[in-house]
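In UniProt numbering, the protein residues as written are 1 to 140.
We put the beta carbon where it would ideally sit given N, CA and C, even for glycine.
Please read all numbers here as calculations on a predicted model, not as lab measurements.
Down below is the structure, laid out as C-alpha cells.
This is the structure:
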C-alpha cells in the first residue's frame, strides 16, 4: 500500500522517481503510476519541485517482475564515450538536485518557524497595545 513520508525525511539512495523508473525499466510512466497507486508496486510520496511525487525502490520494481533496460555497450563491452559522459552528467545533476531539495526543505522549515514566531510576536504586541490603551483610558 502506498505511504506518505513526512517532508524532510529524504529518500533512500537506491529509490527512483517514477519518471526515472519508467526510463530505466522501459515502462510507460502512466503504467507505473497506476501500479503504484493500486498498491501493486510499493511506493511512497515525498515533496518534490512541483508538489508531492512518488518514489519506488529498485527492489520493489524487480520483485514486481520488471526488468531493467540493459545498458548500451560497444563491441568491446565499454560504453561509448558520449553516453558515459552524459550519464555522468545526469548523475551529477541528480546529486545537485537532491542537495538543492534538501536545502529547500530546510529553508521551508525555517520559514515556518519564522512565521510562527512572527505570529507570536504580533499577538504579544496586540496584548501590550490593549494593556497600554486600557492604562491610558483609566487615568483621570
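Where residue i sits in the DSSP three-state scheme
i	result
residue 66	coil
residue 8	Note on residue 8: pLDDT 43, under 50, position unreliable in the model; the coordinate value appears next. If DSSP states are grouped into helix, strand and coil, residue 8 belongs with coil.
residue 36	helix
residue 139	coil
residue 27	coil
residue 50	coil
Check whether residue i and residue j have beta carbons under 8 Å apart
i	j	result
residue 41	residue 47	no
residue 15	residue 55	yes
residue 23	residue 32	no
One or two residues paired with residue i in a DSSP bridge
i	result
residue 15	57
Whole-angstrom distance between residue j and residue i, CA atom to CA atom
i	j	result
residue 89	residue 57	22 Å
residue 28	residue 20	11 Å
residue 133	residue 119	21 Å
residue 39	residue 25	18 Å
residue 122	residue 139	26 Å
residue 51	residue 43	16 Å
residue 60	residue 66	9 Å
residue 82	residue 115	48 Å
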